[in-house]
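**Q** Note that the sequence shown covers residues 13 to 763 in our numbering.
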Amino acid sequence: MTEQKLYDLLQDMTLEEKVNQLLQLPARMYEGEGAVTGNLAEEKYSQEEIWQAGSILGLHGASALRKIQDKYMEGQPHHIPLLFMLDVIHGLRTVFPMPLAQGASFNPEMTERCAAAAAKESAVSGVHVTFAPMADLVRDARWGRVMESTGEDPYLNGLMAAAMVRGFQGSDVGEKDRVAACVKHFAGYGAPDGGREYNNVELSEHALREFYLPAYEAGIKAGSELVMTSFNTLDGIPSSGNRRLMRDILRGEMGFEGVLISDFGAVEEMIAHGFCEDGSEAAKKAILAGVDIDMVSDSYCGHLAELVRSGEVEEKLVDEAVLRVLRLKNKLGLFENPYKDGDAAREREVILCEENRKLAREAARETFVLLKNEAGTDGVPLLPLKRDKMLAFIGPYVDCKNLHSAWAICGQAEDAVSVREAVTEWRCDEGIMFATGSRMLDSKERLDRSGITGTRKPKEEGMSAVEAGKQADLMLEQAKEMAARADAVVLCIGEHHLQTGEAASRADITVPEVQMELFREICKINHNVAVVLFNGRPLDLREISEKARAVLEVWLPGTEGGHAVVDVLTGAYNPAGKLPMSFPYCVGQAPVCYNHYATGRPCQGKDDPVFFRSRYIDIPNEPLYSFGYGLSYTSFSISPVWLGSETMKQDGGSQNAAVTVKNTGNTGGTETLQLYIRDVSASVVRPVKELKGFKKMFLEAGEERTVIFEITEEMLRFYTITGTFASEKGRFQVWIGNSSDTENMAEFVLI
Ligand code: BGC
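(1) Just to check my reading of the structure: glycine 640 and serine 557 have Cβ atoms closer than 8 Å, yes? What is that Cβ distance to the nearest angstrom?
(2) Would you say the beta carbon of phenylalanine 276 is closer than 6 Å to some non-hydrogen atom of the ligand BGC?
(3) Would you mind working out which of Ser134, Glu61, Ala576 and Trp654 sits nearest lysine 370, comparing C-alpha positions?
(4) Taking the straight line between their C-alpha atoms, what separation do you get for glycine 583 and isoleucine 406?
(5) How about the stretch 92-111 and the stretch 69-76: do they share at least three Cβ pairs that are nearer than 8 Å?
(6) Figure out for me which residue from Asp427, Tyr628 and Gln23 has the closest Cα to the Cα of glycine 574.
(7) Taking the DSSP output, what are the residues bridged to isoleucine 273?
(8) Is there a Cβ of chain D sitting closer than 7 Å to that of glycine 742, yes or no?
(9) Taking phenylalanine 180 as the reference, which of Leu262, Pro204, Ala131 and Leu581 has the closest Cα?
(10) Measure the CB-CB distance between valine 671 and valine 746 and report whether it falls below 7 Å.
(11) Is aspartate 3 close to the ligand BGC? I mean its beta-carbon at under 6 Å from any heavy atom of the ligand.
(12) Near glutamate 237, what residues of its chain come up, given a Cβ to Cβ distance below 8 Å and the 5 sequence neighbours on each side ignored?
(13) Decide if the stretch 30-37 is in contact with the stretch 306-321; the criterion is three or more beta carbon pairs, one per stretch, under 8 Å apart.
(14) Once you ignore the five residues that flank isoleucine 631 on each side, which residues in its own chain have a CB closer than 7 Å to its CB?
(15) Which residues in the same chain have their Cβ closer than 6 Å to the Cβ of glycine 314, if we skip the five residues on either side of it in sequence?
(16) How about valine 31 and alanine 317: do their beta carbons lie closer than 7 Å?
(17) How is methionine 13 classed by DSSP in three states: helix, strand or coil?
(18) Return the Cβ separation of threonine 245 and histidine 285 in integer angstroms, given the expectation that the two are a contact with Cβ distance under 8 Å.
(19) I need the straight-line Cα distance from glycine 235 to proline 145, nearest angstrom please.
(20) Assuming serine 649 and threonine 676 are in contact, meaning their beta carbons sit under 8 Å apart, how far apart are those beta carbons, in whole angstroms?
(21) Does the contact criterion of 3 or more C-beta pairs under 8 Å hold for the stretch 548-557 versus the stretch 407-414?
(22) Comparing alpha-carbon positions, which option in Gly138, Thr162 and Thr241 lies nearest arginine 190?
(23) Write down the C-beta distance between leucine 581 and valine 502 rounded to the nearest angstrom, noting that I regard them as a contact closer than 8 Å.
(24) With distance defined between alpha-carbon atoms, name the residue in Gly742, Asn668 and Lys661 nearest to tryptophan 654.
(25) Do the stretch 723-733 and the stretch 707-715 touch if we need at least three Cβ pairs shorter than 8 Å?
(26) Can you have a look at phenylalanine 721 and say buried or exposed, based on whether 16 or more other CB atoms are within 10 angstroms of its CB?
(27) Which runs of the beta strand (DSSP E) spanning at least 3 residues fall entirely within the stretch 514-551, listed in chain order?
(28) Taking its Cβ as the centre, do 16 or more other Cβ atoms sit within 10 Å of threonine 659, making it buried, or is it exposed?
(29) State the Cα-Cα distance for the pair glutamine 424 and glutamate 187, rounded to the nearest angstrom.
(30) Between phenylalanine 180 and the ligand BGC, is there a pair consisting of the residue's CB and a ligand heavy atom that are separated by less than 6 Å?
(31) Where does glutamate 755 land, buried or exposed, given buried means 16+ other C-beta within 10 angstroms?
(32) Nearest by alpha-carbon distance to threonine 14: which of Phe347, Pro587 and Thr448 is it?
(33) Identify which residue in Ala480, Phe623 and Pro699 has its Cα closest to the Cα of threonine 611.
(34) Tell me the DSSP secondary structure of arginine 439 in three-state form.
(35) In terms of residues, what are the limits of the beta strand (DSSP E) holding phenylalanine 688?
(36) Please confirm whether alanine 387 and methionine 445 have their CB atoms less than 7 Å apart.
Here you go:
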């Protein structure tokens with residue numbers, strides 16, 4: 013449809029029809045299931061509103077969506093098609109590793125492929141829009157949604173957000189098998205005070221612009237069709253009513269022209285925030301701020317028409333919002349084909365197809381991070397596992413198929429490959445033993461969020477405390493007996509999959525105590541323990557890291573998790589992941605990140621004799637495992653940094669920084685070289701290190717390669733004291749290494 017026709021259509025619509033285009037209702041009102049993450053007062057909506065709402069959230073399935081679309085369009089005065097939106101965050105039915113894990117791959121190209129595969133599964137299921145990528149920068153491991161972010165670094169997050177947008181949308185969202193992307197949650201949602209979900213956010217203008225906005229902007233520049241507001245306040249203003257944030261920064265500065273949708277109920281929640289007296293004021297503030305679609309609140313449909321009639325809101329604002337929604341429907345080609353790619357026959361072909369499973373396996377193993385790998389009692393590194401050894405696989409994750417993490421709402425546990433299943437494919441002889449060892453959680457801690465109903469209720473135990481205790485003792489005894497017979501133990505432990513995700517902040521970021529008890533018991537019996545860690549957030553790993561010989565971080569790896577774990581444990585794939593988020597020493601250190609400022613009294617390491625230093629007196633300043641860290645089954649040497657020149661011109665200058673990297677081990681492996689830069693002194697203080705580039709490469713044993721990074725003036729820009737992005741002359745330090753801890757540094761001066 014031409015722009016003129018869209019405009020004519022708009023002119024022909026009544027005010028009520030227009031307002032209904034701005035309403036989004038959830039699946040449940042259309043006989044579906046779907047996630048409900050907030051208040052759902054179904055009685056507030058009339059049948060007419062329900063069947064004239066412009067979009068639906070949370071439905072999928074080609075046949076069901078076709079029926080709803082037909083019924084809707086028939087009853088719609090202008091037969092405008094509905095938009096179907098769904099949270100496809102890291103896969104539809106084929107679940108790829110959670111986004112934080114994808115961050116660990118340092119491979120945006122792989123992330124783009126995962127997003128494209130997810131888009132295809134979604135598109136054939138009739139979905140038009142996905143609520144991804146989440147581009148929120150995260151530094152606080154207590155926050156449950158860190159799993160949905162790609163980590164703590166603005167540069168890496170920006171590359172990942174853009175890759176996801178490209179993967180979902182392709183070059184044109186109207187193309188076959190593509191869905192529209194939605195960058196969320198604008199802005200700053202990843203920095204809630206104290207790591208507590210939905211909490212207030214306090215960010216200086218400087219921090220917002222330097223660290224938090226770049227990844228959203230990268231997703232927007234990559235062409236994301238939608239942006240979602242966040243639940244939090246910023247400068248005391250909830251995002252959905254924040255005019256400066258939405259109109260000036262998002263639309264004005266970033267040039268975003270697509271649809272701005274509120275988060276679930278966020279417009280109405282401005283009342284609870286204490287920012288609006290009632291629904292009418294909430295609707296007014298949201299439309300003035302520039303929110304186009306009101307997701308699951310009756311603020312717009314209940315009050316917007318009246319606000320226009322009374323002259324409190326100009327109709328022009330409603331028209332602009334509706335036009336944006338119509339344009340999106342048009343870009344998706346819905347006026348010509350309201351089902352887009354929804355096709356029941358193709359659904360059967362595409363969903364969970366071999367190709368997607370293969371990609372899920374490839375992706376998962378690329379996200380695993382080897383945190384530790386010491387020699388076992390036989391004097392050789394514990395991992396990879398040896399084929400001729402007696403091995404005991406112990407822990408609640410051995411048989412667990414809930415490997416999907418939160419926000420994989422279409423993922424089915426039965427589709428996933430467990431560790432036991434994958435190990436059995438590898439080796440099926442009497443040298444392999446399996447035991448659960450312990451429950452995932454203590455019986456008192458059970459969580460049930462099945463169907464995500466918005467409430468959390470304890471799961472029925474169906475077993476008395478005495479029975480449960482006996483069963484636990486038995487599990488432990490079996491595990492101990494196996495550990496005693498085994499040459500090595502692979503202990504598969506971690507967080508329960510419901511301990512992370514939305515509304516799952518934790519103040520205690522440890523592996524659940526029942527599993528720690530198992531860990532301690534097994535370590536007493538067997539001195540070759542490799543821990544395979546399943547989790548949705550950085551955890552306090554002090555004890556595990558100290559006692560286990562090897563630790564492999566596998567996050568929540570998705571449908572092909574078991575296969576990927578065995579690929580890495582056996583050395584069929586050499587681990588190459590790097591941490592995208594610091595693992596704090598303990599919870600008291602959170603939030604912690606590598607790109608912090610120096611302070612006026614920087615601590616010079618743990619032996620610094622000066623008392624009045626910026627440090628803790630009881631723990632180190634450094635995280636247990638830093639951003640960018642990750643080992644391999646081989647080793648690499650990196651030469652000192654070579655710089656093209658000791659000076660670089662500010663005006664159009666650039667220069668090269670290079671190192672030679674060599675695989676010094678006996679097996680081929682992948683290393684990710686990371687370029688960090690520091691502006692030593694500037695008009696505002698600069699982070700002690702900032703990631704500015706990385707290169708990931710495979711080297712055969714003994715192979716060496718010279719790796720060159722180009723440093724441009726643009727890479728040296730920052731948000732200066734004048735409130736603009738610019739570089740400033742002076743001294744710069746440049747590091748090239750294989751983690752943010754690198755000390756491999758050279759200097760130049762920008763002149
Ligand atoms: C989440 C969003 C999500 C939305 C719709 C909200 O609770 O914050 O990220 O897209 O629900 O499901």
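Backbone N, C-alpha and C define an ideal beta-carbon position, used for all residues, glycine too.
**A** Considering the structure as presented:
(1) That pair is no contact at about 17 Å.
(2) yes
(3) Ala576
(4) 19 Å
(5) yes
(6) Asp427
(7) Answer by DSSP bridge pairing, in chain order: Met240 and Ile305.
(8) No chain D is present in this structure, which holds just one protein chain.
(9) Ala131
(10) no
(11) Residue 3 lies beyond the stretch modelled for the chain, which goes from 13 to 763, so this question has no answer here.
(12) Val141, Gln181, Val185, Ala192, Ala193, Cys194, Gly270, Val271, Leu340 and Lys343
(13) Here the stretch 30-37 makes contact with the stretch 306-321; the two share three or more CB pairs at distances below 8 Å.
(14) Counting only Cβ-Cβ distances below 7 Å, and skipping sequence neighbours, we find Tyr597, Cys598, Gly600 and Gln601.
(15) Around glycine 314: Gly291.
(16) yes
(17) coil
(18) 6 Å
(19) The straight-line gap from Cα to Cα measures roughly 12 Å.
(20) With a Cβ gap of about 5 Å, serine 649 and threonine 676 count as contacting.
(21) no
(22) Gly138
(23) 7 Å
(24) Asn668
(25) no
(26) buried
(27) 541-546
(28) exposed
(29) 28 Å
(30) no
(31) exposed
(32) For threonine 14, the nearest C-alpha among the options comes from Phe347.
(33) Pro699
(34) coil
(35) According to the sequence displayed, residue 688 carries tyrosine and not phenylalanine. Boundaries of the beta strand (DSSP E) around tyrosine 688: 681-691.
(36) no
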